[in-house]
Amino acid sequence: MSGKNGPKLMQILLSDRFLIAINATLEVTDIVLPEGEWRAVPPFAGEDNPVITAVWQGPAHGLCVFQRG
Numbered sequence: 001m002s003g004k005n006g007p008k009l010m011q012i013l014l015s016d017r018f019l020i021a022i023n024a025t026l027e028v029t030d031i032v033l034p035e036g037e038w039r040a041v042p043p044f045a046g047e048d049n050p051v052i053t054a055v056w057q058g059p060a061h062g063l064c065v066f067q068r069g
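For the sequence shown, counting from 1, position 59 maps to 59 in full-length UniProt numbering; every step adds exactly one.
1) Flag this pair as yes or no: are the beta carbons of I31 and A21 separated by less than 8 Å?
2) Within 10 Å of its beta-carbon, does A54 have 16 or more other beta-carbons around it, so buried, or fewer, so exposed?
3) Is F44 near V28, with beta carbons less than 8 Å apart?
4) Does DSSP put F44 in a helix, in a strand, or in coil?
5) To the nearest angstrom, how far is the alpha carbon of G67 from that of I52?
As C-alpha cells, this is what we get:
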C-alpha cells in the first residue's frame, strides 16, 4: 500500500536478526513478516511474555521491532 507521499506499510530489515515493521495507515493492518520466526522485542512485547509471530497486526501509526528467533 502506498500513497502520494510514499509507502504506508514498510518493513526494514536491519540485519539477518532485526526487522522494523511500520504501519503509517489510519487503520489496523496485517503485515506479513519475512520467512522465519520473529519475536517482538521490548518495549513492543514484555520480556516475560514475548510475542512470536509471522503476521504483525500493526496498529494505526504503529511500529514494532522484531528479532529473528
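Don't be surprised by glycine CBs; every beta carbon is placed ideally from N, CA and C.
Once the coordinates are examined:
1) yes
2) exposed
3) no
4) coil
5) In the sequence on display, residue 67 carries Gln and not Gly. When rounded, the distance between both Cα atoms is 9 Å.
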